[in-house]
Amino acid sequence: MRSVHSGAALGLSAQLVLLAVLGVTVGLSASGWLLGLASAVVTNVALARGLVRAGSDGPGPADLVTLARAALVGGVAALVAGSIGRPAPVSTLVGLTVVALVLDGVDGRVARSSGTVSELGARFDLEVDAFLILVLSIYVAPSVGWWVLLIGAARYTFVAARWLLPWMSGAVPARYWCKVVAVVQGVVLTVAAADVLPHPVAVVALVAALALLAESFGREVWWLWRERSLEQNPAEATGVETPTLAAGPGGAVGSAEPVGQAGGLHGIRRVLPGVATGLAVVIVWVALLAPDELGRLRPSAFLRIPLEALVVGALVVVLPVRARRTIAALSGVVLGLVAVVKIVDMGFFATLGRPFDPATDWGYFGPAVGVLGDSVGRAGAIASAAAAVVLVAVLLVVVMLSVRHLSLVASSHRTGSIRAVAALGVVWILCAAVGVQIVPGAPVASTSAGGLAYDQLLALRAGASQQQDLATAVADDPFRDTPGSDLLTGLRGKDVIVAFVESYGRVAVQGSTFSPRIDTVLDSGTTRLRAAGFSSRSAFLTSSTFGGISWLAHSTLQSGLWIDNQQRYDQLVTTDRLTLSGAFKRAGWRTVADVPSNERDWPEGSSFYGYDKVYDHRNVGYHGPKFSYAEMPDQYVLAAYRRLELARPHHTPVMAELDLVSSHTPWTPLPHLVDWNKLGDGSIFDPMPAQGQSPDVVWRDPDQVRALYGQSVEYTLEALVSFVQTYHDDNLVLVVLGDHQPATIVSGQGASHDVPITIIAHDPAVMARISGWGWQDGLRPGPEAPVWPMSAFRDRFLTAYGPAPSQAASPSAP
11 MRSVHSGAAL GLSAQLVLLA VLGVTVGLSA SGWLLGLASA VVTNVALARG
61 LVRAGSDGPG PADLVTLARA ALVGGVAALV AGSIGRPAPV STLVGLTVVA
111 LVLDGVDGRV ARSSGTVSEL GARFDLEVDA FLILVLSIYV APSVGWWVLL
161 IGAARYTFVA ARWLLPWMSG AVPARYWCKV VAVVQGVVLT VAAADVLPHP
211 VAVVALVAAL ALLAESFGRE VWWLWRERSL EQNPAEATGV ETPTLAAGPG
261 GAVGSAEPVG QAGGLHGIRR VLPGVATGLA VVIVWVALLA PDELGRLRPS
311 AFLRIPLEAL VVGALVVVLP VRARRTIAAL SGVVLGLVAV VKIVDMGFFA
361 TLGRPFDPAT DWGYFGPAVG VLGDSVGRAG AIASAAAAVV LVAVLLVVVM
411 LSVRHLSLVA SSHRTGSIRA VAALGVVWIL CAAVGVQIVP GAPVASTSAG
461 GLAYDQLLAL RAGASQQQDL ATAVADDPFR DTPGSDLLTG LRGKDVIVAF
511 VESYGRVAVQ GSTFSPRIDT VLDSGTTRLR AAGFSSRSAF LTSSTFGGIS
561 WLAHSTLQSG LWIDNQQRYD QLVTTDRLTL SGAFKRAGWR TVADVPSNER
611 DWPEGSSFYG YDKVYDHRNV GYHGPKFSYA EMPDQYVLAA YRRLELARPH
661 HTPVMAELDL VSSHTPWTPL PHLVDWNKLG DGSIFDPMPA QGQSPDVVWR
711 DPDQVRALYG QSVEYTLEAL VSFVQTYHDD NLVLVVLGDH QPATIVSGQG
761 ASHDVPITII AHDPAVMARI SGWGWQDGLR PGPEAPVWPM SAFRDRFLTA
811 YGPAPSQAAS PSAP
């Protein structure tokens, strides 16, 4: 008895320690403390009473593991209770949940290895799982829909039904599938809580999880109802006993009960294959016909006939057993990979405006996790990445098993399968001949899955041929051998800044809800700079990237080559292609780069771009706060560059590329301008992050995301104009441009890749050199402003500000 009480005291102590840690680190509200303590008391008292009734001396090793899980779940419950009316610490919540889910696989193994498996331990484990699922569903429901509470309430509804309907209190056979379904609920709810998936994908995942839960509980209810029928009709039973029973999803636990083989088991054998086959058909149908863009994900997309299914079905019913198994296995693997690619494509379309390229895009997942960490915290990002990997693995296995199951069904019902394939084949041919479409662009006679797989193979093949194409383009450089004395003669004595404004796209200045405010900033800036003696002209460039991967745009502008994927970039930076910064260096400028969010060395900065000095957040003296992705505000970046370079006596002019990233996703929290003379080491910005909203709250509302994106661009443009006004350097020339459009959530579906570009100078001779370009006056390019490929800028810029090259320069277009 003393051991029982010691175990309860240990559990309560662990919960108190965890709540205290959470209170100190992330803060807990009174409701959070109350719920955390209440869950601890109920859990430990119930465990103690169960141990006493079972005659146990105290909790076993597996019970202690489950007790630790219960404490973690109590912490999650406290955070969820505290999130009502205020933002929740998502990374902490998700981190605790992931640990609790991992430990769920430990307690059972400990119980088996230590020989302490018990009915009480199984029940304790089940109740902790159920409470975690309930808490997570409560947290997710406000952002997804209150129907999600059905997931959390399922277990407790089942228990209530057992109180009202005595026939539901019987035992059910142990099924491993119940554990799988429970794990799926936890994983899907955790991913939804982390808010890392696009909203429609999260909704689909939750609906699928709810469907699996309904199937699992429905099967339990059917079993119990069938047992009731057999008890009322004992003539149907044969008196054969079932094996020992254990906890099902509803939590019924008991010993063996007489079950009629001719009744109960025959009923299961008759019904379950149909359920499994129906589920397999749905899974394969969705994998074949689901689009790879969220904007096209609607029920009508599945009202089509996939040719791939007809072909595989025909092969399965006509080929011998060994060939059939091979076809089924290969088809399952290919279809599983196609399903994974579709999900990845959805993410790429939502952020980068294009599908995933298997030849070049693998390297983007690491930076994506890093950016996610800036939004939800490092722990949340790691947990989300791990959950995504698990979901991908589960998806692959489920699709492959579904194809295998359907192939077995088709081969065992050969006559019916041949008739079905033939009938659907005739319909497919007729629809293909007539061109029937329920949804525009999605023919009823579908070949979309095969087309996607073929496109992926073509992309892999194209990736291999791109290297030679780029090598030829690198060598074809009209400025390769131009001496420094003939380069950039029109900018002699000028300090030149090329400032990339993160995510500054056409949507910022035209056709959006936030563009009027940004246009006001640009028009006001034009007037203020004109009053200070500065002129400006603007146009558009078509960027080689969209939504992210900024370094592709930087290298495209600098090299004059179209660099639109990682493979081309990796190859380019190993060459001696003349960049803009390299041309300035050859012509006698000191060259500098400032990449404020870099935290490690950047060897390509010197080896390829030719910079004499590279600044990052480690060497500019900043001691202020971080603003999500941005290690420091853009105002500080500009001021630090002036302090470290322009304000010092320098007889050699300086050319710099400055990366201004305050407008980098997630666009919150944001700084605001301060007095330039009070910047100091950046500590003046300390209060500002707390004054803004956290990304995990903002990103639940697309309208808020768009509004804050607009505010971030306003801030950076105001900082640039104020910088020029404040320091009024007559020898300063600025090239200000965006690197790419913001993600689809801001730019919208089908947005262009256009970004604004502006040249600002005080010297009229500098502006006279580009008078023939046709660019528009002012900082704001209008709808009719010229549009160039970004790869055309290097050659045109070098031509405008220097003698004509030895041969005609022809800009490289996409």
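Remember, the numbering used here sits 10 above the position in the sequence shown when you count from 1. Here a beta-carbon is modelled for each residue, glycine too, at the ideal position from N, C-alpha and C.
Beta-bridge partners of residue i, as assigned by DSSP
i, result
"Lys623", "Val602"
"Gly748", "Val511"
"Thr768", "Ser548, Val746"
"Asp669", "Phe510"
"Gln786", "Ser548"
"Pro316", "Ser456"
"Ala640", "Phe637"
"Trp798", "Leu551"
"Gln577", "Answer is none; Gln577 lacks a bridge partner."
"Gln447", "Pro453"
"Asp505", "Leu742"
"Val664", "Arg600"
Sub-8 Å separation of residue i and residue j beta-carbons
i, j, result
"Pro316", "Ser548", "no"
"Leu29", "Leu38", "yes"
"Val862", "Gly342", "The requested residue 862 is not part of the displayed model; the chain covers only 11 to 824."
"Asn741", "Gly500", "no"
"Trp686", "Ala649", "yes"
"Leu718", "Leu680", "yes"
"Arg414", "Ala338", "yes"
"Leu32", "Ala81", "no"
"Ser617", "Pro774", "no"
"Gly515", "Ser722", "no"
"Asp487", "Gly812", "no"
"Tyr444", "Ser310", "The question names Tyr, but residue 444 in the sequence shown is Val. Cβ distance not < 8 Å, so Val444 and Ser310 don't count as in contact."
"Ser124", "Pro210", "no"
"Ala463", "Val321", "no"
"Leu103", "Ala192", "no"
"Val154", "Val214", "no"
"Leu744", "Ile507", "yes"
Exposure of residue i, with buried meaning 16 or more beta-carbon neighbours within 10 Å
i, result
"Thr370", "buried"
"Leu588", "buried"
"Pro253", "Reliability of the predicted coordinates at Pro253 is poor, the pLDDT of 36 falling under 50, and the value obtained from them is presented with this limitation in mind. Exposed, by the Cβ-count rule."
"Thr754", "buried"
"Asp604", "buried"
"Glu609", "exposed"
"Glu794", "exposed"
"Lys688", "exposed"
"Tyr619", "buried"
"Leu440", "exposed"
"Arg540", "exposed"
"Asn54", "buried"
"Ala771", "buried"
"Pro697", "exposed"
"Trp677", "buried"
"Leu467", "exposed"
"His738", "exposed"
"Trp157", "exposed"
"Ser23", "exposed"
Distance between beta carbons of residue j and residue i, contact taken as under 8 Å
i, j, result
"Leu223", "Ile161", "6 Å"
"Phe594", "Asp764", "At roughly 26 Å, the Cβ-Cβ gap does not stay under 8 Å, so Phe594 and Asp764 are not in contact."
"Gln447", "Val454", "7 Å"
"Ser421", "Val326", "6 Å"
"Arg600", "Thr662", "5 Å"
"Val294", "Ala319", "7 Å"
"His627", "Ser607", "6 Å"
Residue i CB to nearest heavy atom of the ligand NAD below 7 Å
i, result
"Thr754", "By its list of ligands, the structure shown contains no ligand whatsoever, and the ligand NAD lies outside what it can speak to."
For this session: Would you check if the region 656–671 and the region 520–537 touch, i.e. whether three or more CB-CB distances between them fall below 8 Å?
Result: no
For this session: Report yes or no: do the region 134–150 and the region 682–698 share at least 3 C-beta pairs separated by less than 8 Å?
Result: no
Exercise. Taking one C-beta from the region 700–707 and one from the region 730–745 each time, how about it: are there three or more such pairs within less than 8 Å?
Worked result: no
Exercise. Is there contact between the region 749–761 and the region 507–521, where contact requires at least three CB pairs shorter than 8 Å?
Worked result: yes
Exercise. For the 8 Å Cβ check, are there 3 or more pairs between the region 157–171 and the region 109–119?
Worked result: Judged by pairs of C-beta atoms under 8 Å, the region 157–171 does not touch the region 109–119, as fewer than three such pairs exist.
Exercise. Taking contact to mean at least 3 C-beta pairs separated by less than 8 Å, is the region 183–203 in contact with the region 213–227?
Worked result: yes
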